[in-house]
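Student: Sending over a structure as structure tokens; questions will come in a sec.
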Amino acid sequence: MTNNEGSKTMIENNNSVGEILSQDDTFANNVAQTFDAAHRGDKETIQTLLLQDISLANIKDEGIQTTPLHLAAHRGYLDIVRLLLDAGADVNAVEGNFSNSTPLHWAATGGHLEVTKLLVERGGNINVKDNWYNLTPVGWATIIKLFPPEGYLSTRHQEVREYLLSRGAQLDIFSAIALNQIDFVYSLIEANPEILTHRLGFFAKNESQPLHFAIEENLTQMVELLLEKGADLNAQNGWGITPLCLATVADNQTIIELLMAKNAQVDLATAIVAGQWEQAQALLDAQPTLISEKPLLIHYTIEQGLVSATSWLLERGVDINIRARYQLGDHIVSLTPLHAAIKAEGVEIARILLESGADVNAKTTGELEITSLRAAVFTGNLDLIRLLVKQGA
1115 MTNNEGSKTM
1125 IENNNSVGEI
1135 LSQDDTFANN
1145 VAQTFDAAHR
1155 GDKETIQTLL
1165 LQDISLANIK
1175 DEGIQTTPLH
1185 LAAHRGYLDI
1195 VRLLLDAGAD
1205 VNAVEGNFSN
1215 STPLHWAATG
1225 GHLEVTKLLV
1235 ERGGNINVKD
1245 NWYNLTPVGW
1255 ATIIKLFPPE
1265 GYLSTRHQEV
1275 REYLLSRGAQ
1285 LDIFSAIALN
1295 QIDFVYSLIE
1305 ANPEILTHRL
1315 GFFAKNESQP
1325 LHFAIEENLT
1335 QMVELLLEKG
1345 ADLNAQNGWG
1355 ITPLCLATVA
1365 DNQTIIELLM
1375 AKNAQVDLAT
1385 AIVAGQWEQA
1395 QALLDAQPTL
1405 ISEKPLLIHY
1415 TIEQGLVSAT
1425 SWLLERGVDI
1435 NIRARYQLGD
1445 HIVSLTPLHA
1455 AIKAEGVEIA
1465 RILLESGADV
1475 NAKTTGELEI
1485 TSLRAAVFTG
1495 NLDLIRLLVK
1505 QGA
């Protein structure tokens, strides 16, 4: 068996693939082939490559710092997962890029029961949380709808979840809410009232607390329980959005009435998404710093396609180029409101932003740097593309 000792040392020190590639073109080619084979499910190529260099089992890519094991687990390639583990792949390897997810997270979200079983049998940590969503593999099987899109409603995800629970995994409050397990949520709160303030990660519902999440899932009885147990009905998520604002956007009158009966505050965000312009202006007059205190509110109105609310904020001096953190595929990027409008394919909002002075050539920042025009091309929306070109992109 032949190994490049320099390359092996770099891998063992968790250095990036980029540093390795500059050292050894042959090794670079093997790295590329390994990831490609793991992606396609090419067992024979993986086997051949591992015979040449067993260290390839633990290589990490330049971007998200994923491993071949993450890729194979996500796609359900049981034979390749076994090959990699037999070659010494770290069953609990964590992705970089703030993700901290393991192969078991990705097997769970893919609904791959046999792969999940193998990873657990080889020592996969069933209760480790990632950073993107702040969930364990059970949470990924329940809430995170990443390939296939049917998410926690799928039978195979249910099988994965039940298996993990049988092996001692703990069902978190968000997963229990998603499954509408009212009695279990009650027991969780009784055991630990502070659980009402727990938050999802920044990629999941913008750091929502349980009450936010239950409202977004339109679970009225669950909302009633959370309110009865003392959930903060004025808590803000990561973008400064309250439960009442979420219920207003969803036009869920029953939940709105529940919140108002508990004296939920009508804040600026709620007033503008409801089109209550006089009340919104009164709130702003009483506290002129409200808009600057909620700089990401414009991203929320754009995401929801609220043209009038977005215009109202722009007319009152919101920072037209304020950036917010988003997930684009496997990348974390910072987007301006214009980028957000393009992502949401909101042509009218994009037009208003450009007419208000948005920088048509601003690039996304973070792990991807692309122009607004290129982002529009990715959407395939010809109206957006024409608008940007007309504005000088």
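Note that the sequence shown ends on residue 1507 in the numbering used here; no numbers are left out.
C-beta atoms are modelled at their ideal positions from N, C-alpha and C, and glycine is treated no differently.
Considering Cα atoms alone, identify which of H1188, R1196 and G1202 is closest to D1167.
Tutor: G1202
Student: Nearest CA to the CA of K1376: which residue from E1338, L1452 and L1302?
Tutor: It is E1338.
Student: CB I1405 to CB R1437, shorter than 8 Å?
Tutor: Taking 8 Å as the cut-off, the Cβ atoms of I1405 and R1437 do not count as close.
Student: Find out if the Cβ-Cβ distance for the pair A1394, A1385 is shorter than 8 Å.
Tutor: yes
Student: Between L1314 and Y1247, which are expected to be in contact by the criterion C-beta below 8 Å, what is the C-beta distance as a whole number of angstroms?
Tutor: With 8 Å as the limit, L1314 and Y1247 qualify as a contact, their Cβ atoms being about 6 Å apart.
Student: So I1258 packs on S1213, CB below 8 Å; how close in whole Å?
Tutor: About 12 Å separates the two Cβ atoms, so there is no contact after all.
Student: Note down the Cα distance separating A1221 from R1189, rounded to an integer number of angstroms.
Tutor: 7 Å
Student: Suppose the cutoff is 7 Å on Cβ atoms and the five residues either side in sequence are ignored; what does the same chain contact list for L1420 look like?
Tutor: V1387
Student: One question on the structure: do I1329 and L1360 come within less than 8 Å of each other, judged by their Cβ atoms?
Tutor: yes
Student: Quick check on this structure: which residue in I1463, H1153 and I1240 has the alpha carbon closest to the alpha carbon of A1472?
Tutor: I1463
Student: What is the DSSP secondary structure of Q1441, reduced to helix, strand or coil?
Tutor: In the three-state DSSP reduction, Q1441 falls in the strand class (E or B).
Student: In whole angstroms, what separates the C-alpha of T1181 from that of N1348?
Tutor: 41 Å
Student: If we count the other Cβ atoms within 10 Å of its Cβ and call it buried at 16 or more, is N1320 buried or exposed?
Tutor: buried
Student: To which residues does DSSP link S1448 through a beta bridge?
Tutor: R1439 and T1479
Student: With distances taken between CB atoms, is the gap from I1484 to T1478 smaller than 8 Å?
Tutor: Yes; because the gap between Cβ atoms is below 8 Å, this pair is in contact.
Student: Secondary structure at T1148, three-state DSSP: helix, strand or coil?
Tutor: helix
Student: Leaving aside the five residues before and after K1243 along the sequence, list all residues of the same chain whose C-beta is less than 7 Å from its C-beta, in chain order.
Tutor: L1249 and T1250
Student: Thinking C-alpha only, which one of E1304, G1210, L1502 and N1495 is nearest L1487?
Tutor: Checked all of E1304, G1210, L1502 and N1495; the closest Cα to L1487 is L1502.
Student: The alpha helix (DSSP H) with K1157 in it runs from where to where?
Tutor: K1157 to Q1166
Student: Alpha carbon to alpha carbon, how far is I1240 from E1228?
Tutor: One C-alpha to the other measures close to 15 Å.
Student: As an exercise, report each continuous alpha helix (DSSP H) stretch of at least 4 residues that is fully enclosed by the stretch 1169-1231, in chain order.
Tutor: Here the runs fully enclosed are 1182-1189, 1192-1200 and 1217-1224.
Student: Given this structure, state the Cα-to-Cα distance separating L1482 from L1398, to the nearest angstrom.
Tutor: 36 Å
Student: Is T1334 helix, strand or coil by DSSP?
Tutor: helix
Student: Go through the stretch 1265-1320 residue by residue and report every complete run of the alpha helix (DSSP H) that reaches 4 residues or more, in order.
Tutor: 1269-1280, 1287-1292 and 1296-1305
Student: Quick one: using the 10 Å Cβ neighbour count with 16 as the cut-off for buried, is E1126 buried or exposed?
Tutor: In this prediction, E1126 has a pLDDT of 46, which is less than 50 and means its spatial position is unreliable; what the coordinates show is noted afterwards. Result: exposed.
Student: Ends of the alpha helix (DSSP H) at R1430?
Tutor: Counting along the chain, R1430 falls outside any alpha helix (DSSP H), and DSSP gives it neither H nor E.
Student: Would you list the residues sitting across from T1485 in a DSSP beta bridge?
Tutor: DSSP lists K1477 as the bridge partner or partners of T1485.
Student: Where V1145 and I1173 are concerned, what is the direct C-alpha to C-alpha distance, given to the nearest angstrom?
Tutor: 7 Å
Student: Return the Cβ separation of L1410 and V1380 in integer angstroms, given the expectation that the two are a contact with Cβ distance under 8 Å.
Tutor: With 8 Å as the limit, L1410 and V1380 do not qualify as a contact, their Cβ atoms being about 19 Å apart.
Student: In its own chain, which residues sit with a C-beta less than 7 Å from the C-beta of R1196, not counting the 5 before and 5 after it?
Tutor: L1232
Student: If we call anything under 8 Å between Cβ atoms a contact, is H1445 one with G1480?
Tutor: yes
Student: Give the single residue among V1447, L1442, K1157 and T1403 whose Cα lies nearest to the Cα of L1082.
Tutor: Summary: the structure shown does not reach residue 1082, with the chain confined to residues 1115 through 1507, and so no result is reported for it.
Student: Assuming the contact rule is C-beta atoms closer than 8 Å, N1366 and S1322 should be a hit. Round their C-beta distance to whole Å, please.
Tutor: With a Cβ gap of about 16 Å, N1366 and S1322 do not count as contacting.
Student: Mind checking which residues open and close the alpha helix (DSSP H) that includes S1322?
Tutor: Per DSSP, S1322 lies in no alpha helix (DSSP H) and is assigned neither H nor E.
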